[in-house]
Amino acid sequence: TADRLGGRHVFSSFVVSGINMEVIDAIGGRVTASLKDSIGIVESLNMANLINAADISIDSADVEIVEMRLGKGCGVNSFYILTSDIISVNEAVKNAADFLAMEGSLIACRVISGADKNLLRWLEPAKCFC
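The numbering used here puts the sequence shown at residues 791 to 920.
In structure tokens, the structure reads:
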């Protein structure tokens, strides 16, 4: 297993059974969703838990991931942004935040209603390329 091979260098690991393909696409940067009425942002210090939280979000509410950033050796955290109507976004973020809080890896989560359609364009220059 990864834990055995990585030894003390493995910060965390998690097996997600039946992960939603939308999460896999988001990890690979193959996101085609556009912003809807509201957005939710979920941030975690643990990449494995964040991927599981994204799966929980997608499976628990009618939302789409529009951005996922996984911190890779930069000393940064990982986050994802999802979008839909306000009720669905609230439900998805709450479920993800509950899971991450239980795991002790929730940093922050926010829901923004009426998000500016240019938000993703503004995020582009903020990418970390460490």
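For each residue, glycine too, the CB sits at the ideal point set by N, CA and C.
Considering only C-alpha positions, which residue in the set the options is nearest to residue i?
{"i": "residue 887", "options": "904, 824, 834", "result": "834"}
{"i": "residue 809", "options": "850, 873, 893", "result": "850"}
{"i": "residue 842", "options": "819, 870, 852", "result": "870"}
{"i": "residue 848", "options": "861, 860, 836, 823", "result": "823"}
{"i": "residue 814", "options": "882, 855, 904, 899", "result": "855"}
{"i": "residue 858", "options": "881, 832, 908, 825", "result": "832"}
According to DSSP, which residues form a beta bridge with residue i?
{"i": "residue 834", "result": "868, 896"}
{"i": "residue 854", "result": "873"}
{"i": "residue 901", "result": "830"}
{"i": "residue 859", "result": "869"}
What's the C-alpha gap between residue i and residue j?
{"i": "residue 853", "j": "residue 867", "result": "22 Å"}
{"i": "residue 812", "j": "residue 891", "result": "23 Å"}
{"i": "residue 840", "j": "residue 897", "result": "11 Å"}
{"i": "residue 827", "j": "residue 878", "result": "11 Å"}
{"i": "residue 894", "j": "residue 906", "result": "31 Å"}
{"i": "residue 884", "j": "residue 844", "result": "11 Å"}
{"i": "residue 821", "j": "residue 872", "result": "11 Å"}
{"i": "residue 908", "j": "residue 817", "result": "22 Å"}
{"i": "residue 837", "j": "residue 899", "result": "15 Å"}
{"i": "residue 874", "j": "residue 882", "result": "10 Å"}
{"i": "residue 901", "j": "residue 889", "result": "17 Å"}
{"i": "residue 880", "j": "residue 830", "result": "7 Å"}
{"i": "residue 846", "j": "residue 807", "result": "11 Å"}
{"i": "residue 920", "j": "residue 825", "result": "Any reading at residue 920 must be qualified, since the residue scores a pLDDT of 46, below 50, and its modelled position is unreliable; the value itself is stated next. Roughly 27 Å between the two C-alpha positions."}
{"i": "residue 860", "j": "residue 904", "result": "26 Å"}
{"i": "residue 876", "j": "residue 819", "result": "25 Å"}
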